[in-house]
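At position 99 of the sequence shown (counting the first as 1) the number is 92 in this note's numbering, and the numbers step up by one without a gap. Below: one structure, written as structure tokens.
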Amino acid sequence: MTTATSPQAFWLAGRPATGDDTLEVTSPWDGRTVGTASVPTPEQTQEAVAAAAAVADEFAATPAYVRAAALDHVWRRLGERGEEIARLISAENGKPMKWARVEVARCTSVFRWAADEARRFNGGTAQRLDADAGGAGRLALTRRIPYGPVLGIAPFNFPLNLCAHKVAPALA
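Set out below in structure tokens:
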């Protein structure tokens, strides 16, 4: 695996950006540097939050077919680059390649399922409330309403898969 010589940029409000500081990513196996990440400044973090809030209403109105197409794009690109991504996961956290590949495959499935759900969701469901005597003869109507920007933190052990479980359903 080659070592990144320049810091890997992050995405900020739809554009690549770099911060004032960097973080060396080292392999837990042998301590070698496997990459360098750019660390956002506090101001850039605030900009990201403000940008997410600014587009929340617009995104909430995005038609299902557009959200589904975006999710389809993600799972297809993940599939195309699966081996590369598995190598990165393995290098960064020491996970055996077998399990890194499983993680990528699972992530791909999560985005594919989310794309399917974006198409399938019909705007509301009726749920029976009669699991208890007090709910006999009653129904609850539920409706999905976007909550807005959220912060999701994924641990190191399944970085891609746990990120997918936060991002994909939120976009669907």
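Built from N, CA and C at the ideal position, the CB exists for glycine as well. Model, not experiment: these values are computed from the prediction.
Please classify residue i as buried or exposed, where buried requires at least 16 other C-beta atoms within 10 Å of its C-beta.
{"i": "W22", "result": "exposed"}
{"i": "R60", "result": "buried"}
{"i": "T(-5)", "result": "In this predicted model, T(-5) has a pLDDT of only 48, less than 50, meaning its place in the structure is not dependable; the value taken from the coordinates is given anyway. The residue is exposed, with fewer than 16 neighbouring Cβ atoms inside 10 Å."}
{"i": "T118", "result": "exposed"}
{"i": "V48", "result": "exposed"}
{"i": "N154", "result": "buried"}
{"i": "T101", "result": "buried"}
{"i": "L71", "result": "buried"}
{"i": "I138", "result": "exposed"}
{"i": "E96", "result": "buried"}
{"i": "I82", "result": "buried"}
{"i": "A165", "result": "buried"}
{"i": "T26", "result": "exposed"}
{"i": "W68", "result": "buried"}
{"i": "G12", "result": "buried"}
{"i": "A54", "result": "exposed"}
{"i": "G28", "result": "buried"}
{"i": "V42", "result": "exposed"}
{"i": "A161", "result": "buried"}
Using DSSP with H/G/I as helix, E/B as strand and the rest coil, what is residue i?
{"i": "F149", "result": "coil"}
{"i": "T19", "result": "strand"}
{"i": "R8", "result": "strand"}
{"i": "M(-6)", "result": "Residue placement at M(-6) is poorly supported in this model, since its pLDDT is 49, which falls under 50; the coordinates still yield a value, given next. In the structure shown, M(-6) sits in coil (DSSP, three-state: anything other than H, G, I, E or B)."}
{"i": "A30", "result": "strand"}
{"i": "D65", "result": "helix"}
{"i": "D50", "result": "helix"}
{"i": "A157", "result": "helix"}
{"i": "P56", "result": "coil"}
{"i": "E77", "result": "helix"}
{"i": "A43", "result": "helix"}
{"i": "R25", "result": "coil"}
Which partner residues of residue i appear in the DSSP bridge assignment?
{"i": "D13", "result": "Answer is none; D13 lacks a bridge partner."}
{"i": "Q1", "result": "A30"}
Three or more C-beta pairs below 8 Å linking the stretch 32 to 50 and the stretch 84 to 96: no
Any beta strand (DSSP E) of 3 or more consecutive residues that is wholly inside the stretch 82 to 143: DSSP runs (the beta strand (DSSP E)) wholly in the stretch 82 to 143: 118 to 121 and 132 to 135.
Inter-stretch contact (C-beta, 8 Å, three-pair minimum) for the stretch 75 to 88 and the stretch 126 to 140: no
The stretch 61 to 69 touching the stretch 102 to 116, judged by at least three CB pairs closer than 8 Å: yes
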